[in-house]
Every structure is written in structure tokens, then in C-alpha cells.
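*Asks:*
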Amino acid sequence: MLSLFVIAVVVAVSGYGFGQEAAGASPTDNLPAHIQRITHFGQRADWSHDGKRILFIEKTFGDVYEIELETRIIRPMTQHYFHEGYTRALYLANGDILLSGAPQFDARDPWPSRRESAELWVLSRDLSGPPVRLGSRCSEGPAVSRRHLRIAWTVDHDNEPERLPEGVSQFWMADIVYRDGVPRLANQRIVLDSRDLDFEASLETQNFRPPDEKELTFSAYGHEGTQVMGVNLESGQITDYSRTRFYEEPEGIFPDGAHTLVECDRHNGKGSGHVDIYQLRLDGSGEAQRLTFFSDYPEGKASNPVVSDDGRYMAFQMAKASDPAGVGYGIFIFDLAAAGN
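Numbering of the sequence shown is given in this note's numbering, commencing with residue 168 and proceeding in unit increments.
In C-alpha cells, the structure reads:
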């Protein structure tokens, strides 16, 4: 496994040849050798466990696609049935796909379908039919174990107004079990309730922390900017890994569990619309290193990074500062070893 980023905080003003802002230019004009663009559309990438394929969403409320990296062949995963569009697609440990999407969609008022009415579904890896509804709503992105058929997700007042007061978020965790080939949720339990925290924030699950997956990383939006947090799934202990007042949202996590990728504005302090990708040490030091420099360009940013299971590659997307979070314009691959990290 690649040993990654033992360097302390680096707030760089130079990167791969375009540390200065260039009016009218694009981050793709000066890509270094260790970054390559593999699609010209799509967002929210997820690595297959063998590292040979990447799953991604066409657009918010769009279809799901998979690209084979060796051949660059793109195949649709959700066009064999009618649906209302998806906001997340993640590989489960057995190769099936966890989807998040609403059962109804209104193009005149689309955004409630992203978090208020989005539900969890499982699509069979053989694409033999439509997905199976799991019977739970999910606010924004769920967390998926890379080792077990286990997931965690967020519910809050927006999608459970009859049960949760305004401003309250809960993290739920469950196993996915198959009975007669049909997936369902089992062993459901609450692992965090925002009312038990000593601060106020909007919460979102992110990743089970490898290798033992006894901790769940999460975003604490609005707390000291936005912070990278972890909750111990056995003790309930909360750890603040950011220790800054910048915008820091955890995304993909490294297979050794020592670092996580973060959408971060430490370099400019301009907020979530002007982020680049950093790697943050998960030792409580707050040490981080900047990896991308897309936000040095007008309207540019890099977002939604994920790490391959061998720790060699990062997939991420190009995005625009003015767009809602998660919107992307193509998937990129960052070779961490070739970059000397």
C-alpha cells in the first residue's frame, strides 16, 4: 500500500503550473501528467473494489453510468427501467449498487427530491431489473462499508418532519441482508443524534473509517465554518479532526484510515464554492496538504474526491463555484504515486 502524505499543513500558491489566476482559462488547460480527464460529463464518482471501473451520476437527478478504465467504455446502469433520477450511486461490498433517489420528481421544483424525499434503493449488479426500495429516506449522501454489507445514512427534519424537530439530525446504521435474493435493512440503530452534541450543526454521514470501520466520519456544516468529525460507533465519542475555522468537508477516505480527502478553502477562505481537494491527517493534528488547484481559476473548483481501494488513485470532478454542491462536469483521475505522494 502506498504511504501517503506525511507532510504538515501546506497552503500552496503554486501547483502544477498555474498558481496564478488566469482570466478566461480553465483548469483543464494546464493539467499535469499525474491528472487525466476520463469523461466530459458526470459527477460523484465511486471506485469499484478491483479499481477497474468507476461508477458516476450523469447529473443531479440523472442516470447512473459506469466507465471501464482500461477501454474507456461507458455503459448505462439505470436505463433499462423508468425512474425519477438519482443523486448518489455507490458500490456495495458484494458489487450491487446502493442508490439514493426520490420516488417522485417535479422538474418545476426539483430540489426537494435531493434530500427531503430521497430514498435508498439497491440495484443488482447483473442489472436484471429495477432496484429494490429499502424503505428509508436519506438526507444527502449515505456511507457505505467497503468490507461489509453495512451502510449509514442521515435523517433530519427535512425528510422526517413528522418525527424530528427542526434542526435535529440523526445517523442511522444498518446491515443489508438478502432474503430469497431480495435486499432489506436489518439491525437498524441510531449511532448519533445531534441533540447529544455540545454544538449546533447540520450533519451528513461520509465514510466508515478503515481498516476496522469502528468510526464514521461526518460533516458538521456550520460548526466553526464546517468541520471534519468522527463518531466512534462503539463508544459514541466525537472527534474534531479539522481544528480550523475554514470550510472542510470530508469525502473519500484512504484504505489505511490515516487520512481523508477534504473539500477545503484553507487557501482562500472564500467558502464552499471555492474549494479544492486537500488530504487531512486523521490524527487530530489538523495537518493537511493541498492536492488540486482548480479554484485558482475563475469559477473553478475541484470536488467530490474518492480513493481507490489500493490507495494509488484518486477520482474527482471539475465543478463551478456558482453551482450547487455536487454538480460536476467530468471525472478526473489523479495518480497519487506519479505525483510523488
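Ideal Cβ positions, reconstructed from N, Cα and C, are used throughout, including at glycine.
The model shown is predicted, which means the values in this text are computed figures rather than measured ones.
(1) Nearest-angstrom Cα distance between residue 306 and residue 503?
(2) Just to check my reading of the structure: residue 518 and residue 408 have Cβ atoms closer than 8 Å, yes? What is that Cβ distance to the nearest angstrom?
(3) Unbroken beta strand (DSSP E) runs of length 3 or more, entirely within the region 189-247: which are they?
(4) Which one of 221, 276, 196 has the shortest CA to CA distance from residue 481?
(5) Whole beta strand (DSSP E) runs in the region 251-313 with 3 or more residues, listed along the chain?
(6) Excluding five sequence neighbours on each side, which residues of the same chain lie with their C-beta closer than 8 Å to the C-beta of residue 350?
(7) Does the distance from the CB of residue 448 to the CB of residue 425 come in under 9 Å?
(8) Exposed or buried, which one is residue 213 when buried takes at least 16 other CB atoms within 10 Å?
(9) Going by DSSP in three states, residue 440 sits in which element: helix, strand or coil?
(10) Suppose the cutoff is 6 Å on Cβ atoms and the five residues either side in sequence are ignored; what does the same chain contact list for residue 495 look like?
(11) When the Cα atoms are used, what is the spatial distance from residue 242 to residue 284?
(12) For residue 319 and residue 358, which I take to be in contact (beta-carbon distance under 8 Å), what is that distance rounded to the nearest angstrom?
(13) Residues in the same chain with beta-carbon distance under 7 Å from residue 438, minus the five sequence neighbours each way, listed in chain order, please.
(14) Does residue 280 pass the burial test, meaning 16 or more other C-beta atoms within 10 Å, or should it be called exposed?
(15) Residues in its own chain within less than 7 Å of residue 265 by CB, not counting five upstream and five downstream?
(16) If we define contact as Cβ-Cβ less than 9 Å, is residue 483 a contact residue for chain C?
(17) If I follow the unbroken beta strand (DSSP E) through residue 326, where does it start and stop?
(18) With distances taken Cα to Cα, identify the nearest neighbour of residue 199 among 498, 330, 474, 459.
(19) Candidates 303, 235, 234: which alpha carbon is nearest residue 268's?
(20) Going by the C-beta, is residue 341 closer than 8 Å to any heavy atom of the ligand NAP?
(21) Would you give the residue range spanned by the beta strand (DSSP E) that residue 530 belongs to?
(22) How far does the beta strand (DSSP E) with residue 435 in it reach, from first residue to last?
(23) Only counting the same chain, and skipping five residues up and downstream in sequence, which positions put a Cβ closer than 7 Å to that of residue 497?
(24) Look up residue 317 in the DSSP assignment and say whether it is helix, strand or coil.
(25) Below 8 Å CB to CB, which residues in the same chain sit around residue 403 once its five sequence neighbours on both sides are set aside?
(26) Please classify residue 240: is it buried, with 16 or more other beta-carbons within 10 angstroms of its beta-carbon, or exposed?
(27) Going along the chain, which residues of its own chain have a beta-carbon closer than 6 Å to the beta-carbon of residue 248, five neighbours each way excluded?
(28) Have a look at the DSSP bridge pairing and note the partners of residue 386.
(29) Would you report the Cα separation of residue 271 and residue 506, rounded to the nearest angstrom?
(30) Residue 366: buried (16+ other C-beta within 10 angstroms of its C-beta) or exposed?
(31) Restricting to Cα atoms, I'd like to know which of 339, 253, 325 is closest to residue 375.
(32) Can you give me the C-alpha to C-alpha distance between residue 405 and residue 278, rounded to a whole angstrom?
(33) At 3 residues or longer, what runs of the beta strand (DSSP E) sit wholly inside the region 437-485?
*Replies:* On the basis of the coordinates in this document:
(1) One-based indexing of the sequence shown puts residue 306 at position 139. One-based indexing of the sequence shown puts residue 503 at position 336. When only Cα atoms are considered, residue 306 and residue 503 end up about 31 Å apart.
(2) Since the first residue of the chain shown is 168 and the last is 508, residue 518 is not available in this structure.
(3) Qualifying beta strand (DSSP E) stretches, in chain order: 202-204, 210-214, 220-224, 231-235, 241-243.
(4) As a first step, residue 481 is located in the sequence shown; it is residue number 314 there, counting from the start. Cα-wise, what sits closest to residue 481 is 221.
(5) Here the runs fully enclosed are 255-258, 264-268, 286-290, 299-304.
(6) Working through the sequence shown from its first residue, we reach residue 350 at position 183. Taking residue 350 as the centre and dropping the five residues before and after it, the same chain places the C-beta of 263, 289, 299, 301, 343, 344 closer than 8 Å to its C-beta, in chain order.
(7) Against the sequence shown, residue 448 aligns to sequence position 281. Against the sequence shown, residue 425 aligns to sequence position 258. Yes, they are a contact pair.
(8) By 1-based counting over the sequence shown, the position of residue 213 is 46. Buried, since its Cβ has 16 or more Cβ neighbours within 10 Å.
(9) Stepping through the sequence shown from its first residue, residue 440 is reached at position 273. Collapsing the DSSP output to three states places residue 440 in a helix.
(10) Here residue 495 corresponds to residue number 328 of the sequence shown, with the count starting at 1. Taking C-beta separations shorter than 6 Å and ignoring five residues to either side along the sequence, the partners of residue 495 in its chain run 210, 484, 486, following chain order.
(11) Counting from 1 along the sequence shown, the entry for residue 242 is found at position 75. Counting from 1 along the sequence shown, the entry for residue 284 is found at position 117. The straight-line gap from Cα to Cα measures roughly 27 Å.
(12) Indexing the sequence shown from 1 puts residue 319 at position 152. Indexing the sequence shown from 1 puts residue 358 at position 191. That belief holds up - the Cβ atoms of residue 319 and residue 358 are roughly 7 Å apart, short of 8 Å.
(13) The sequence position of residue 438 within the sequence shown is 271, counting from 1. Result list for residue 438: 414, 432, in chain order.
(14) By 1-based counting over the sequence shown, the position of residue 280 is 113. Residue 280 is buried by the Cβ-count criterion.
(15) Walking along the sequence shown from the start, residue 265 turns up at place 98. 257, 259, 287, 289, 309, 311, 318, listed in sequence order.
(16) No chain C appears in this structure, which consists of one protein chain only.
(17) As a working note, residue 326 is residue 159 in the sequence shown. Here residue 326 belongs to no beta strand (DSSP E), and DSSP marks it neither H nor E.
(18) Taking the sequence shown and counting its residues from 1, one reaches residue 199 at position 32. Of the listed residues, the one whose Cα sits closest to residue 199 is 459.
(19) Here residue 268 refers to the residue found at position 101 when the sequence shown is read from its first residue. Per the Cα distances, 303.
(20) As for the ligand NAP, it is missing from this structure, which has no ligand bound.
(21) The shown model of the chain, from 168 to 508, leaves out residue 530, and the question about it has no answer.
(22) On the sequence shown, position 268 is the one that residue 435 refers to. Neither: residue 435 is in no beta strand (DSSP E) and is coded neither H nor E.
(23) The count along the sequence shown starts at 1 and reaches residue 497 at position 330. Closer than 7 Å at Cβ, skipping near neighbours: 204, 206, 207, 208, 209, 484, 485.
(24) Mapped onto the sequence shown, residue 317 falls at position 150. It is a strand residue.
(25) Along the sequence shown, read from residue 1 onward, the residue named residue 403 stands at position 236. Here the set comprises 358, 359, 363.
(26) Position 73 of the sequence shown, counting from 1, holds the residue named residue 240. Label assigned to residue 240: exposed.
(27) In the sequence shown, the residue the question calls residue 248 occupies position 81. Contacts found: 297.
(28) Your numbering for residue 386 matches position 219 in the sequence shown. Paired residues: 371, 395.
(29) Here residue 271 refers to the residue found at position 104 of the sequence shown. Here residue 506 refers to the residue found at position 339 of the sequence shown. About 44 Å.
(30) Your numbering for residue 366 matches position 199 in the sequence shown. Per the 10 Å Cβ criterion, exposed.
(31) For the purposes of this step, residue 375 is taken as residue 208 along the sequence shown, with counting starting at 1. When the alpha-carbon of residue 375 is set against those of 339, 253, 325, the nearest one is in 339.
(32) For this step, residue 405 is matched to residue 238 along the sequence shown. For this step, residue 278 is matched to residue 111 along the sequence shown. Roughly 31 Å between the two C-alpha positions.
(33) Those beta strand (DSSP E) runs which fall completely within the region 437-485 and span 3+ residues are 443-448, 455-457, 467-474.
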